[in-house]
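**Student:**
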Amino acid sequence: MSTHPEKLQTPEKQTRLIRHFEKSSIEEHNNAWTNLWDTDNSDMWDRGKPSPALIDLIEQREDILSPIAVDGRRKRALVPGCGKGYDVVMLSLHGFDVVGLEISAKGVSIAENYAREELQTPQAYNFGSAWVNKFERGSVSFIHGDFFQSSSVKGERFDIIYDYTFLCALHPTMRAQWASRMADLLVSGGLLLCLEFPLFRDPSLPGPPWPLQGVHWNLLAEGGDGIVYPPRPDQQGKTGSFERKWYIKPERSYESGKGTDMLSVYKRK
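With the sequence shown counted from 1, adding 3 to any position gets you this note's numbering.
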């Protein structure tokens, strides 16, 4: 059996996902995602557990991701496109006050039910080998709304935002808007954590998931539009709203991206 990442990433589920969105215009993408929730097709992207890479970063690098700010308050985290709420619950168990945002009302309901049960009896997959129970559990809440609409997250700012498969779910023409919205939602000095996936796919291939090789750097550090293949000459000299502080190859990640995922940490200027 071949273990080449591209071979591992071409199951029938991915083909179904691409075909589903080929039928929809960009303006209809929100409805297309909602339809997949409503027809019980969330298995096409569901990973079944929180991010091992994010867990290890939190537990092993408290200097980067302490849940307590210097003034003693608890830090607030946002997970847009939170799915069934795995990462929201895990972050709460590690001491953060967390908000999950999802476009689907059914998705929010599923996440709320998951959180209610999981917080009572957390499963072992929420913790890594460096887990130390040092902080009280943070709060958990979910919002049904559109990430790009200010009414969804009314006037709130966050210390941390985590993105795994949210950016790769968006049509490439929406990437610059994604970066701008991330900057709006973070406090000055706040951190945007990105588990970059998929990095192994040819940039010319369709999505979702859309290939993201070089996209995060172009959007966040260079201030580009995220359409980096081929390079855009009109983007020369631009500067983004973020500074990349760490670029880490995680020891653990999901099987879907193991060996190719990168974890980047960007600081809001």
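Note that CB positions come from ideal geometry on N, CA and C, so glycine has one too. Nothing here was measured: the structure is a model prediction, and the numbers come from that model.
With DSSP collapsed to three states, give me the class of residue 83.
**Tutor:** Within the sequence shown, the letter at position 80 stands for residue 83. Three-state result, residue 83: strand.
**Student:** Mapping the DSSP letters down to three states, classify residue 106 as helix, strand or coil.
**Tutor:** What you label residue 106 is simply residue 103 of the sequence shown in a count that begins at 1. Three-state result, residue 106: coil.
**Student:** My understanding is that residue 245 touches residue 266, with C-beta atoms under 8 Å, so please give their C-beta distance in whole angstroms.
**Tutor:** Position 242 of the sequence shown, counting from 1, holds the residue named residue 245. Position 263 of the sequence shown, counting from 1, holds the residue named residue 266. Actually they do not touch by this definition, with Cβ atoms about 15 Å apart.
**Student:** Less than 9 Å separating the beta-carbons of residue 50 and residue 207?
**Tutor:** Position 47 of the sequence shown, counted from the first residue, corresponds to residue 50. Position 204 of the sequence shown, counted from the first residue, corresponds to residue 207. The answer is no: Cβ separation not under 9 Å.
**Student:** Taking residue 163 as the reference, give the member of 34, 136 and 187 with the closest Cα.
**Tutor:** The residue given as residue 163 occupies position 160 in the sequence shown. Of 34, 136 and 187, the residue nearest in Cα terms is 187.
**Student:** Pick out the complete alpha helix (DSSP H) segments inside the region 17-51, 4 residues or longer, and give them in chain order.
**Tutor:** Entirely contained in the region 17-51, the alpha helix (DSSP H) runs reaching 4 residues are, in chain order, 32-41.
**Student:** What did DSSP end up calling residue 204 once you bin it into helix, strand or coil?
**Tutor:** Locating residue 204 in the sequence shown gives position 201, where the first residue counts as 1. It is coil, neither helix nor strand.
**Student:** So does the region 127-141 actually touch the region 157-175, counting three or more Cβ pairs closer than 8 Å?
**Tutor:** Verdict: no, contact absent.
**Student:** Compute the beta-carbon to beta-carbon distance between residue 71 and residue 210, rounded to the nearest angstrom, for a pair I have assumed lies under 8 Å.
**Tutor:** Your numbering for residue 71 matches position 68 in the sequence shown. Your numbering for residue 210 matches position 207 in the sequence shown. Going by Cβ atoms, the distance from residue 71 to residue 210 rounds to 38 Å, so no, they are not a contact pair.
**Student:** Suppose you measure from the CA of residue 241 to the CA of residue 226; what does that come to, to the nearest Å?
**Tutor:** The residue labelled residue 241 in the question sits at position 238 within the sequence shown. The residue labelled residue 226 in the question sits at position 223 within the sequence shown. Going from the Cα of residue 241 to the Cα of residue 226 covers about 5 Å.
**Student:** Whole angstroms is fine: what's the gap from residue 147's alpha carbon to residue 248's?
**Tutor:** For the purposes of this step, residue 147 is taken as the residue at position 144 of the sequence shown. For the purposes of this step, residue 248 is taken as the residue at position 245 of the sequence shown. Distance between the alpha carbons of residue 147 and residue 248 is about 31 Å.
**Student:** Leaving out the 5 sequence neighbours to the left and right, which residues in its chain are closer than 8 Å to residue 33 when beta-carbon positions are compared?
**Tutor:** Counted from its first residue, the sequence shown places residue 33 at position 30. So the qualifying residues of the chain are 106 and 149.
**Student:** Leaving out five residues before and five after residue 94 in sequence, what residues of the same chain have Cβ atoms less than 6 Å from its Cβ?
**Tutor:** Locating residue 94 in the sequence shown gives position 91, counting from the first residue. So the list reads 80 and 101, once near-sequence residues are dropped.
**Student:** With C-beta atoms as the reference, is residue 67 less than 9 Å away from residue 194?
**Tutor:** As a working mapping, residue 67 is identified with position 64 in the sequence shown. As a working mapping, residue 194 is identified with position 191 in the sequence shown. Yes; because the gap between Cβ atoms is below 9 Å, this pair is in contact.
**Student:** Inspect the beta-carbon positions of residue 54 and residue 256 and report whether they are closer than 9 Å.
**Tutor:** Indexing the sequence shown from 1 puts residue 54 at position 51. Indexing the sequence shown from 1 puts residue 256 at position 253. Going by C-beta atoms, residue 54 is nearer than 9 Å to residue 256.
**Student:** Taking residue 83 as the reference, give the member of 189, 262 and 203 with the closest Cα.
**Tutor:** Numbered from its first residue, the sequence shown carries residue 83 at position 80. That would be 189, whose Cα lies nearest to the Cα of residue 83.
**Student:** How many angstroms separate the CA atom of residue 3 from the CA atom of residue 92?
**Tutor:** Here the chain has residues from 4 to 272 only, and residue 3 is not among them.
**Student:** Starting from residue 265, trace the beta strand (DSSP E) in both directions and tell me its first and last residue.
**Tutor:** Here the question's residue 265 lines up with position 262 in the sequence shown. Note, residue 265: beta strand (DSSP E), 265-271.
**Student:** Helix, strand or coil for residue 251, going by three-state DSSP, please let me know.
**Tutor:** Here residue 251 is taken as the residue at index 248 of the sequence shown, counted from 1. Reduced to three states, the DSSP call for residue 251 is strand.
**Student:** Just tell me which of 90, 112 and 63 has its CA closest to the CA of residue 37.
**Tutor:** Counting from 1 along the sequence shown, the entry for residue 37 is found at position 34. When each option's Cα is compared against that of residue 37, the closest is 112.
**Student:** Which partner residues does residue 197 have in the DSSP bridge list?
**Tutor:** One-based indexing of the sequence shown puts residue 197 at position 194. According to DSSP, residue 197 bridges with 166 and 267.
**Student:** Taking residue 109 and residue 48 to be in contact with their CB atoms under 8 Å, please state how far apart those CB atoms are, rounded to whole angstroms.
**Tutor:** Residue 109 sits at position 106 when you count from the first residue of the sequence shown. Residue 48 sits at position 45 when you count from the first residue of the sequence shown. Rounded, the Cβ-Cβ distance is 14 Å, inconsistent with contact.
**Student:** Does the beta-carbon distance from residue 115 to residue 145 come in below 9 Å?
**Tutor:** Start at 1 with the first residue of the sequence shown, and residue 115 comes out as number 112. Start at 1 with the first residue of the sequence shown, and residue 145 comes out as number 142. Yes, these two residues count as a Cβ contact at 9 Å.
**Student:** How would you call residue 30, buried or exposed, if buried means at least 16 neighbouring beta carbons within 10 angstroms?
**Tutor:** Sequence index remark: in the sequence shown, residue 30 carries index 27 (1-based). When all chains shown are included, residue 30 counts as exposed.
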